[in-house]
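This note's numbering applies: residue 322 is where the sequence shown begins, and numbers increase by one. Report on one structure; see the data block that follows.
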Amino acid sequence: MPVLGIIACRALEDELAHVIIEDSELRHLIIIDNLDSFGLSRKLRSKNRSHLMAAWKDIPAMLRDVRRKRDEILKPLLAISRIFCSILGRSEDPSEDVVIVVTMLKIALHIDNKLLRAEVRKNIERMSQFSDSILLFYGRCGNALQDIESSGDWKCPIFFLAGDSGEKVDDCVAAALGGNKQYGQALSSNQGVGYFCTPMWASTLDHTDQEAKKYTIEHHLKPKSFGDLLVKLGYTKIARLDTGLNFINDFQVESTINWFASQYNLEVVRLRGSVEIAERCYKQAKDYVGSSFPEKGGNENKGA
């Protein structure tokens, strides 16, 4: 059974929860148990999506157990299926059940590009030990992850969130808007916007403010909140980006954004987002690992 590893930023937690919940074929889902995975697990449970939580060290044994149980149950059925396919002159479906292993990383990593890159690299290294392919639920993120696929001798292919042309998205906002082109259009049409707030970003605005203050203090700068930094840079607006997902209460999102805007005298503009990139890239990565049976140790790296 091939394994697709997913390394995701919590900024895209809603999108990841959505594609997993909508995947009716997914039977085996394991989530790395850490503080940043609780939100995803809660959203999956709210929609009755079953999954297992496990520590990194327990994953290899769990995968062996899943494969053993699968062989015990399905091998006799597969043998019968092959006989019927042969009699009817039909080819067998070459795809195989995929096991998905997910690890979530903190949003706060974006405050420091070097730290973000180091954490993603570390998680690729760990995930590649047992995965046949890895999907990064990330964009370039200020170029912190621009060439990460070629920066190490990874043991499996790596996929990214990418637009229709295959170009890696700039960041999670570009992914939520439908691609880099749409991101550019949104920026040019909404001069003065310094922050695009998806529901997940809205839910962490207070934490982002605190992290910005902590970062400026640690780097011996004058303590500033995230809102202060936006104003100092000349931004006058904040955008509420509606992705169409409702894991977080609309009233909570609206209240948080309006509160933040009022604190720093920012105008709120509203934009419509999309989950198309998340859906397509997830499907492409899962289909690839399920039907191609890539061997461990491959060095092919792709935009999904």
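Quick reminder that beta carbons are idealized off the backbone N, C-alpha and C, glycines included. All of these numbers come straight from a predicted model, not from anything done at the bench.
Item, Value
"Per the DSSP calculation, Thr529 is bridged to which residue(s)?", "In the DSSP output, where bridge partners are listed per residue, Thr529 has none listed."
"Mapping DSSP to helix, strand and coil, what is Ser694?", "The requested residue 694 does not occur in the structure, where the chain is confined to residues 322 to 625."
"Leu430 to Asp418, Cα distance in whole Å?", "33 Å"
"Touching or not, the segment 514–530 and the segment 559–577, by the rule of three or more beta carbon pairs under 8 Å?", "yes"
"On the DSSP letters alone, give me the boundaries of the alpha helix (DSSP H) that Asp571 sits inside.", "Asp571 to Gln584"
"Excluding sequence positions up to five away, which residues of its chain have a Cβ less than 8 Å from the Cβ of Gly594?", "Ala497, Leu498, Gly499, Thr519, Leu562, Asp563, Thr564 and Gly565"
"Hey, which unbroken runs of the beta strand (DSSP E) at 3 residues or more fall wholly within the segment 453–534?", "454–458, 479–481 and 514–518"
"Mapping DSSP to helix, strand and coil, what is Lys617?", "With a pLDDT of 48 at Lys617, under the threshold of 50, the modelled position of this residue cannot be trusted; read the value that follows with caution. DSSP places Lys617 in coil when its eight states are reduced to three."
"Can you give the Cα-Cα distance for Val590 and Glu532, rounded to whole angstroms?", "25 Å"
"For Arg447, which of Lys427, His540 and Asp474 has the nearest alpha-carbon?", "Asp474"
"Can you tell me which residues form a DSSP beta bridge with Glu588?", "Lys558"
"Rounded to whole angstroms, what is the Cα-Cα separation between Pro478 and Asn355?", "25 Å"
"Go through the segment 345–375 residue by residue and report every complete run of the alpha helix (DSSP H) that reaches 4 residues or more, in order.", "359–367"
"Is the segment 425–444 touching the segment 569–581 in the sense that three or more CB pairs, one from each, lie closer than 8 Å?", "no"
"Which whole-angstrom value is the C-beta distance of Leu337 and Phe458, which I expect to be below 8 Å?", "6 Å"
"Taking all protein chains shown into account, decide if Trp522 is buried (16 or more other Cβ within 10 angstroms of its Cβ) or exposed.", "buried"
"Let me know the secondary structure DSSP gives Gly611 once reduced to three states.", "helix"
"For Val596, which of helix, strand or coil comes out of DSSP?", "coil"
"What is the DSSP secondary structure of Asp418, reduced to helix, strand or coil?", "coil"
"Using a Cβ-Cβ cutoff of less than 6 Å, which residues in the same chain neighbour Gly463 once the five nearest sequence positions on both sides are dropped?", "Asn434"
"Please identify the residue among Gly460, Leu384, Gln506 and Cys493 whose C-alpha is closest to the C-alpha of Asp335.", "Cys493"
"Could you say which of Arg385, His349 and Arg331 lies nearest to Lys364 if we only look at CA atoms?", "Arg331"
"So, under 8 Å CB-CB, Val422 and Ile351 are touching, yes? Tell me the CB distance rounded to an integer number of Å.", "5 Å"
"Measuring only the C-alpha atoms, how far is Asn622 from Ile598?", "Confidence is the limiting factor: at Asn622 the pLDDT is only 48, short of 50, which leaves the residue's position unreliable, though a coordinate-based value still follows. The alpha-carbon atoms of Asn622 and Ile598 are separated by roughly 18 Å."
"Rounded C-beta distance between Gly548 and Tyr585? I'm assuming under 8 Å.", "4 Å"
"Taking the continuous beta strand (DSSP E) assigned at Leu436, which residues delimit it?", "No beta strand (DSSP E) contains Leu436, which is instead part of the alpha helix (DSSP H) from Asn434 to Met448."
"What separation, rounded to the nearest whole angstrom, lies between the Cα atoms of Ile578 and Leu482?", "26 Å"
"Can the beta-carbon of Ser452 be found closer than 8 Å to that of Leu325?", "yes"
"Report the CB separation of Ile328 from Leu426 in whole angstroms; it is logged as a contact under 8 Å.", "7 Å"
"How should Phe359 be labelled, buried or exposed, when 16 other C-beta atoms within 10 angstroms of its C-beta is the threshold for buried?", "exposed"
"So for Leu333, helix, strand or coil by DSSP?", "helix"
"Counting C-beta neighbours from all protein chains within 10 Å, is the total for Pro323 16 or more, i.e. buried, or is it exposed?", "buried"
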